[in-house]
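Asker: Residue numbers (the working numbering): 1032 to 1181.
For glycine and all other residues, C-beta sits at the position ideal for the given N, C-alpha and C.
Since the structure is predicted, the reported quantities are computational estimates derived from the model, not experimental observations.
My structure is below; once you've seen it, I'll send some questions.
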């Protein structure tokens, strides 16, 4: 009986993980479709925030993605709405956007703030603070956007 319960638990857990991965993949694919359209029409004043990640994601990786987007929406709602700031999450394991992977030399989880030729890599700070000190991470996000505005 214990083996049956254990086996059922394992199968249920694997099904849940598989469902979550498929949901994340579908959401990312929807985002990527809009990236292709937007990049052709963006101005040189547009700030791009790209979060490159793999298919298998830990809690911190997901938090960097979600919190960065959340803070941008909270701190700069008008600029986000007007597409003066564009946030995109891109799955590198799915072969999405190889042009960007090559251009920015992406090989793993990477968070970039970009305006024109200026590229700021905030991956280390994002992973360091998003969970342990979210207020500090929010401040860094705000500072990076102001750095690129000025």
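1) Measure the CB-CB distance between residue 1124 and residue 1085 and report whether it falls below 8 Å.
2) For residue 1147, which option in 1168, 1108, 1178 and 1096 has the closest C-alpha, if you only look at C-alpha atoms?
3) Enumerate in chain order the residues of its own chain whose CB-to-CB distance from residue 1162 is below 7 Å, with the five nearest sequence positions on each side excluded.
4) For residue 1121 versus residue 1160, is the C-beta spacing smaller than 8 Å?
5) Let me know the secondary structure DSSP gives residue 1094 once reduced to three states.
6) Along the chain, where does the alpha helix (DSSP H) containing residue 1177 start, and where does it finish?
7) In whole angstroms, what is the alpha-carbon distance linking residue 1087 and residue 1167?
8) Return the first residue and the last residue of the alpha helix (DSSP H) that residue 1160 is part of.
9) Around the Cβ of residue 1180, are there at least 16 other Cβ atoms within 10 angstroms (buried) or fewer (exposed)?
Answerer: On the basis of the supplied data:
1) yes
2) 1178
3) For residue 1162, where only same-chain residues beyond five positions count, the Cβ hits under 7 Å are 1091 and 1094.
4) no
5) helix
6) 1165 to 1180
7) Pairing residue 1087 with residue 1167, the inter-Cα distance amounts to about 26 Å.
8) In the DSSP assignment, residue 1160 falls within the alpha helix (DSSP H) that extends over 1154 to 1160.
9) exposed
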